[in-house]
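What follows is a short report on a single structure.
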Amino acid sequence: MATVEGPSGQDAPAPERPARDTPDRPAPEPTRTPGGDLGLEAATAEFTAVRPRLFGIAYRMLGSASEAEDLVQEVWLRWQAYDRASVAEPGAFLATIATRLSINVLQSARVRRETYIGPWLPEPVDTAADPHLGAERGEALEYATLLLMERLSPNERAAYVLREAFDYPYGQIAGVLGTTPAAARQLASRARRHIADGRRSRPAPHGQRELLEAFMTAARSGDMQGLERLFAADVVNISDGNGAVKVARKPLVGATRVAKFLNAITWLWDDVTIEWKDLGGRTWAVLHQPNGVYAALTIDANNTGIDQIL
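Start counting the sequence shown at 1; every next residue gets the next number (full-length UniProt numbering).
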């Protein structure tokens with residue numbers, strides 16, 4: 001179970017995750033060319049033109065729509081204060097700032113997650129609310145890929161996102177990361193290998209939707225036997241309560257154990273309505289309570305049944 005947000009972070013009534021500070025890292029040195037300063041109107045136009053890409057980079061790097069929005073705002077503040085006359089290619093310059101800030105946030109986040117209550121899951125994002133987000137290569141936006149990217153180092157993740165989602169040449173990736181093209185290629189290759197090693201076979205989209213609907217019916221009615229019939233023997237339930245919502249703080253493993261847990265929390269379904277949404281390449285059950293969105297839930301499956309509940 002995970003919290004869900006649109007690209008503007010507007011659908012998030014649940015308590016926010018612990019704030020990640022944006023480290024005060026100096027902006028990268030751009031190519032300097034002669035010329036007058038860009039006025040604020042021109043600077044705004046340049047920023048607006050690349051803003052969807054900046055959000056796309058930040059979201060794929062951080063796995064959080066709200067944190068991506070905060071980071072993009074930080075890029076804008078730095079862009080306003082910077083000597084814009086020295087910037088030859090504003091789009092590339094702004095993307096570099098976004099990537100480097102994302103790396104810094106990830107490095108500090110690894111420490112903060114050690115005190116996070118319960119498992120941490122990426123937030124699924126509704127690409128329909130922002131078509132630009134899904135306009136680049138789609139695989140790097142799939143929720144399964146976001147989960148696997150949590151295994152990567154910040155630099156590996158940056159190289160993977162820039163290469164696989166935005167088709168950056170290795171020379172440009174090297175400039176962003178402050179390394180050589182050969183090292184950038186190696187980072188991206190290592191990231192692809194880690195992600196490929198972690199990929200699992202998944203049911204077709206229509207099959208995943210049918211399994212999810214059957215799971216939701218059994219869970220809401222407290223049908224333990226029905227749940228166990230749907231589950232693989234080694235099913236894992238991973239719940240992210242946003243650091244505050246009352247959920248299992250550790251992953252639960254095993255069909256009987258997971259079914260008993262779900263049967264014990266049937267009260268959670270009181271006053272809940274379900275909205276089915278396609279987020280990150282899979283169907284989610286978005287749970288609404290009278291005061292707004294409560295959470296989002298999805299499943300993975302293998303040939304023996306549901307083997308992962310998120």
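Where is the CB? At the ideal position from N, CA and C, for every residue including glycine. Model, not experiment: these values are computed from the prediction.
For this session: Go ahead and label R282 buried or exposed: buried means 16 or more other beta carbons lie within 10 angstroms of its beta carbon, across all protein chains shown.
Result: buried
For this session: Give, in chain order, every unbroken run of the beta strand (DSSP E) that is at least 3 residues long and sits entirely within the region 180-268.
Result: 231-237
For this session: Would you mind working out which of E228, A218 and F261 sits nearest L238, comparing C-alpha positions?
Result: Note on identity: in this sequence residue 238 is Ile, with Leu being the wrong assignment. Among E228, A218 and F261, the Cα nearest to that of I238 belongs to F261.
For this session: Using three-state DSSP, classify Y170 as helix, strand or coil.
Result: helix
Exercise. For L94, which residues from the same chain have a beta carbon less than 8 Å from its beta carbon, with the 5 sequence-adjacent residues on both sides left out?
Worked result: E46, F47, V50, L54, V75 and W79
Exercise. What's the gap between the Cα of L101 and the Cα of H288?
Worked result: A direct Cα-to-Cα measurement between L101 and H288 gives close to 34 Å.
Problem set entry | Helix, strand or coil at A158 according to DSSP, with G and I counted as helix | helix
Problem set entry | Member of E67, T145 and N302 whose CA lies at the smallest distance from the CA of G207 | N302
Exercise. From this set, W267, S108, T145 and E69, which residue's C-alpha is nearest D197's C-alpha?
Worked result: T145
Exercise. If we ignore side chains and look at the alpha-carbon of each, how far apart do A232 and T298 end up?
Worked result: 15 Å
For this session: Could you tell me whether the Cβ atoms of E123 and A65 are closer together than 8 Å?
Result: For the pair E123 and A65, the CB atoms are nearer than the 8 Å cut-off.
Problem set entry | Exposed unless 16 or more other CB atoms sit within 10 angstroms - verdict on V286 | buried
Exercise. Out of curiosity, what's the CA-to-CA distance linking residue 318 and L211?
Worked result: Examination of residue 318 is not possible in this model, given that the chain is present from 1 through 310 alone.
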